[in-house]
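Everything in the sequence shown is counted per our numbering, starting at 1 for the first residue and increasing by one.
A virtual CB, placed ideally from N, CA and C, is assigned to each residue, including glycine.
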Amino acid sequence: EELKLRGTAEKPQVGFLSLFEAFGSLEVGCRLKTPAWPVWISHAESHYSILFCDSVEAVAENPEKPVESDVWYYDPLGRQDEEKRITVKPGGLQDLPDEDDLETNGMIAKVIRTR
């Protein structure tokens, strides 16, 4: 049995990304991946965290040329002592990572790649 949910009718202010999409359990719609502002709630494993970027080009739906962006990650349960910044380079991977690359790249990198 399958449950089909519909996405948002308009572009939301804040987006959503999920680790479960990386595993093929669900699909996040394109509007939630390209919100009005470069801020995403991310769902990974058992809780939510936040990703944000200082570049509005990062949320362009069909950019002429995707731009490299720094994305900051905050996990309220992660006991972070320092800033977590990830540089995203669209099209920068020569080969797709292994499906189970969580030890090497971490779950948040896998979540970001769903975008």
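Since residue 33 is in the beta strand (DSSP E), which residue starts that stretch and which ends it? It is not in any beta strand (DSSP E) - residue 33 instead sits in the alpha helix (DSSP H) that spans 30–33.
Check whether the segment 43–54 touches the segment 75–85, taking contact to mean three or more Cβ pairs, one atom from each stretch, closer than 8 Å.
-> yes
Relative to the alpha-carbon of residue 19, which residue among 85, 71 and 48 has its alpha-carbon at the smallest distance?
-> 48
**Neighbour-count burial assignment, residue 8, 16 or more Cβ in a 10 Å radius** = By the 10 Å Cβ count, residue 8 comes out exposed.
| field | residue 71 vs residue 86 beta-carbon contact at 7 Å | value | yes
Could you name the residues of the same chain whose beta carbon sits closer than 6 Å to that of residue 114, not counting the 5 residues immediately before and after it, in chain order? Within the same chain, Cβ atoms closer than 6 Å to the Cβ of residue 114 are found at 17, 21 and 22, the five residues on either side in sequence being excluded.
Handout entry: Beta-carbon proximity check, residue 26 vs residue 40, cutoff 7 Å
Key = no
- Query: Helix, strand or coil for residue 85 per DSSP?
  - Reply: strand
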